[in-house]
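Trainee: Can you read through this structure? Questions will come right after.
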Amino acid sequence: MDCGFPDILNAFEQALELERELGTRTVDGDRALLAPRSGGTPLPPAGTPRSGGTPLPLAGTLLSPAGASRSGERTVPLGEAASRRFTGTTGVSPVATPALPTAAELAACTRCDLHGLGRTHVVPGQGNADSPDFMFVGEAPGADEDRQGLAFVGAAGQFLTKMIAAMGYTRDQVFIANICKCRPPNNRTPSPPEMAACVPYLKRQIARIRPKCLILLGNTAMRGLFPDTFMRRGQWQMYEGIPAIGTFHPAYILRFDSVRDSAGLRKAKTEVWNTLKLALARLGKTPPAIQRKGQTT
Ligand code: URA
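According to this note's numbering, the sequence shown is numbered sequentially starting from 287.
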């Protein structure tokens, strides 16, 4: 392992916290491990056998009994996560991070009312899920996204693609997701209960994907991830050790275009671009040089 035992415990505690948010009430494990650590007894090194001779579980069967659930529904298996080592720069290990629901489990999701309000597809998001430099988080799928099962593929998505390209990336190199995974009717803003039902899943995604930087698109994304903080656009917050910055939602930018407000459009685009440059700089990167028309190199 490339992280110390306290790091592993911290990650374990975070995973338990996430499980609590997701509704899990019981876990398997050695109670002694959860005892306060301030008493002075040093923690054993990773892999030290417990009294029964079994190595300490670093991840795996956190739910009890195996596959049983909080309220009778099928639970998400927690295995597999331990095998992925953290290589990013955010200082948090993904040890014991729960696995994500399968496509079938997602399609059967009834955690909020949106499943019965015309949903065609649940849209979990897509892209590089292996510690990408950037993870973009929007609001909720629109009509195109609902039809195709992919995040940001409509008009707002095309603008997002341009933003990503201007940063020097392709869509496949970043991860693109939303606060809510199902389309609200008429593209309305997701309601607080809808957000509350879905945000734990986004948090689980972030915990597994381990982006190096989060870019939150619009107020809903900022409020969804930082419900207790007034997050200003263009100002950094930390989410679980990951730097997060907010900017306008691409759909908001497009609105200036549709009302032919070119001054407003320019101002909003400039603000977005300044924020994207801040995000690049946070990772020690600069945007690629702009290729002018007719330029060959
Ligand atoms: N708006 C969003 O917030 N997300 C999408 O996927 C599409 C439009």
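Even for Gly, the Cβ is constructed at its ideal location relative to N, Cα and C.
Is the beta carbon of P470 closer than 9 Å to that of L403?
Mentor: Taking the sequence shown and counting its residues from 1, the one referred to as residue 403 is at position 117. Taking the sequence shown and counting its residues from 1, the one referred to as residue 470 is at position 184. Cβ atoms of L403 and P470: closer than 9 Å.
Trainee: If I measure Cβ to Cβ from S324 and keep anything under 8 Å in the same chain, skipping five residues before and after, which residues do I get?
Mentor: The sequence position of residue 324 within the sequence shown is 38, counting from 1. Confidence in S324 is poor, its pLDDT being 42 and thus under 50, which makes the residue's placement too unreliable to answer from.
Trainee: Excluding five sequence neighbours on each side, which residues of the same chain lie with their C-beta closer than 7 Å to the C-beta of T406?
Mentor: As a working mapping, residue 406 is identified with position 120 in the sequence shown. Only D432 and R433 meet the Cβ criterion.
Trainee: By Cβ distance, which residues of its chain are closer than 7 Å to G435, with the 5 residues on each side in sequence left out?
Mentor: Start at 1 with the first residue of the sequence shown, and residue 435 comes out as number 149. So the list reads H407 and V409, once near-sequence residues are dropped.
Trainee: Tell me, please, whether the region 452-459 touches the region 531-539 by the rule of three or more beta-carbon pairs shorter than 8 Å.
Mentor: no
Trainee: Taking 9 Å as the threshold (C-beta atoms), are T556 and R519 in contact?
Mentor: Taking the first residue of the sequence shown as position 1, residue 519 is located at position 233. Taking the first residue of the sequence shown as position 1, residue 556 is located at position 270. No. Outside cutoff.
Trainee: What residues does the ligand URA have around it, judged by CB closer than 5 Å to any heavy atom, in chain order?
Mentor: G424, E425, P427, G428, E431, A437, F438, A442 and N464
Trainee: Under three-state DSSP, which class holds V530?
Mentor: Along the sequence shown, one-based indexing puts residue 530 at 244. Val is not the amino acid found at residue 530; the sequence shown has Ala there. Strand.
Trainee: Do P573 and A452 come within 9 Å of each other at the CB atom, strictly closer than that value?
Mentor: Counting from 1 along the sequence shown, the entry for residue 452 is found at position 166. Counting from 1 along the sequence shown, the entry for residue 573 is found at position 287. In this structure, the beta-carbon distance from A452 to P573 falls below 9 Å.
Trainee: With H, G and I counted as helix, E and B as strand and the rest as coil, what does DSSP make of M517?
Mentor: Position 231 of the sequence shown, counted from the first residue, corresponds to residue 517. Here M517 sits in coil by DSSP.
Trainee: Suppose the cutoff is 7 Å on Cβ atoms and the five residues either side in sequence are ignored; what does the same chain contact list for K563 look like?
Mentor: Position 277 of the sequence shown, counting from 1, holds the residue named residue 563. Taken in chain order, the residues that qualify are P573.
Trainee: If you reduce the DSSP assignment to three classes, tell me which class Y487 lands in.
Mentor: Translated into the one-based positions of the sequence shown, residue 487 becomes position 201. In this structure, Y487 counts as helix in the three-state DSSP scheme.
Trainee: Check this for me: beta carbons of Q424 and N464, under 9 Å apart or not?
Mentor: Along the sequence shown, read from residue 1 onward, the residue named residue 424 stands at position 138. Along the sequence shown, read from residue 1 onward, the residue named residue 464 stands at position 178. It is worth fixing the name first, because residue 424 is Gly in this sequence and not Gln. Yes, the pair counts as a contact, with Cβ atoms nearer than the cut-off.
Trainee: Does the Cβ of P569 have 16 or more other Cβ atoms within 10 Å, making it buried, or fewer, making it exposed?
Mentor: Mapped onto the sequence shown, residue 569 falls at position 283. A quick correction: the sequence has Leu, not Pro, at residue 569. L569 is exposed by the Cβ-count criterion.
Trainee: Report the CB separation of A567 from I501 in whole angstroms; it is logged as a contact under 8 Å.
Mentor: Within the sequence shown, the letter at position 281 stands for residue 567. Within the sequence shown, the letter at position 215 stands for residue 501. Approximately 13 Å separates the beta-carbon atoms of A567 and I501; this is outside 8 Å, ruling out the contact.
Trainee: Let me know if I492 comes out buried or exposed under the rule of 16 or more other beta-carbons within 10 Å of its beta-carbon.
Mentor: Here residue 492 refers to the residue found at position 206 when the sequence shown is read from its first residue. Buried, because 16 or more other Cβ atoms sit within 10 Å of the Cβ of I492.
Trainee: Cα separation between A549 and W559?
Mentor: Stepping through the sequence shown from its first residue, residue 549 is reached at position 263. Stepping through the sequence shown from its first residue, residue 559 is reached at position 273. About 15 Å.
Trainee: List in chain order: all unbroken beta strand (DSSP E) runs of 3+ residues lying wholly within the region 427-475.
Mentor: 461-464
Trainee: Using 10 angstroms around the beta-carbon of M449, count the other beta-carbons present and answer buried if the total reaches 16, otherwise exposed.
Mentor: For the purposes of this step, residue 449 is taken as residue 163 along the sequence shown, with counting starting at 1. The residue is buried, with at least 16 neighbouring Cβ atoms inside 10 Å.
Trainee: Would you report the Cα separation of A415 and F461, rounded to the nearest angstrom?
Mentor: Along the sequence shown, one-based indexing puts residue 415 at 129. Along the sequence shown, one-based indexing puts residue 461 at 175. Going from the Cα of A415 to the Cα of F461 covers about 6 Å.
Trainee: Give the DSSP-derived three-state secondary structure of L562 in the structure shown.
Mentor: Here the question's residue 562 lines up with position 276 in the sequence shown. L562 falls in the helix class under three-state DSSP.
Trainee: Where does S570 fall in DSSP's three states?
Mentor: To locate residue 570, count along the sequence shown from 1; it is residue 284. The residue you asked about is not Ser; residue 570 is Gly in the sequence shown. Coil at G570, not helix or strand.
Trainee: Taking buried to mean at least 16 other C-beta atoms within 10 Å of its own C-beta, is S544 buried or exposed?
Mentor: Position 258 of the sequence shown holds residue 544. Classification for S544: exposed.
Trainee: Measuring alpha carbon to alpha carbon, tell me which of P427, S417, A482 and C468 ends up nearest P513.
Mentor: By one-based count along the sequence shown, residue 513 stands at place 227. Comparing Cα-Cα distances from P513 to each of P427, S417, A482 and C468, the minimum goes to A482.
Trainee: Shortest alpha-carbon distance to A389 belongs to which of P479, K467, D399 and F438?
Mentor: Counting from 1 along the sequence shown, the entry for residue 389 is found at position 103. Minimum Cα distance to A389 is reached at K467.
Trainee: From the DSSP secondary-structure annotation, give me the bridge partner or partners of C499.
Mentor: Stepping through the sequence shown from its first residue, residue 499 is reached at position 213. Bridge partners of C499 according to DSSP: F420.
Trainee: The alpha helix (DSSP H) spanning D543 covers which residue range?
Mentor: As a first step, residue 543 is located in the sequence shown; it is residue number 257 there, counting from the start. Per DSSP, the unbroken alpha helix (DSSP H) holding D543 starts and ends at P536 to S544.
Trainee: Per DSSP, which one or two residues make a beta bridge with Q412?
Mentor: Position 126 of the sequence shown, counting from 1, holds the residue named residue 412. BP columns for Q412 point to I462.
Trainee: Give the single residue among C395, K571, D430 and A554 whose Cα lies nearest to the Cα of G504.
Mentor: Numbered from 1 along the sequence shown, position 218 holds the residue referred to as residue 504. G504 has its Cα closest to that of A554, out of C395, K571, D430 and A554.
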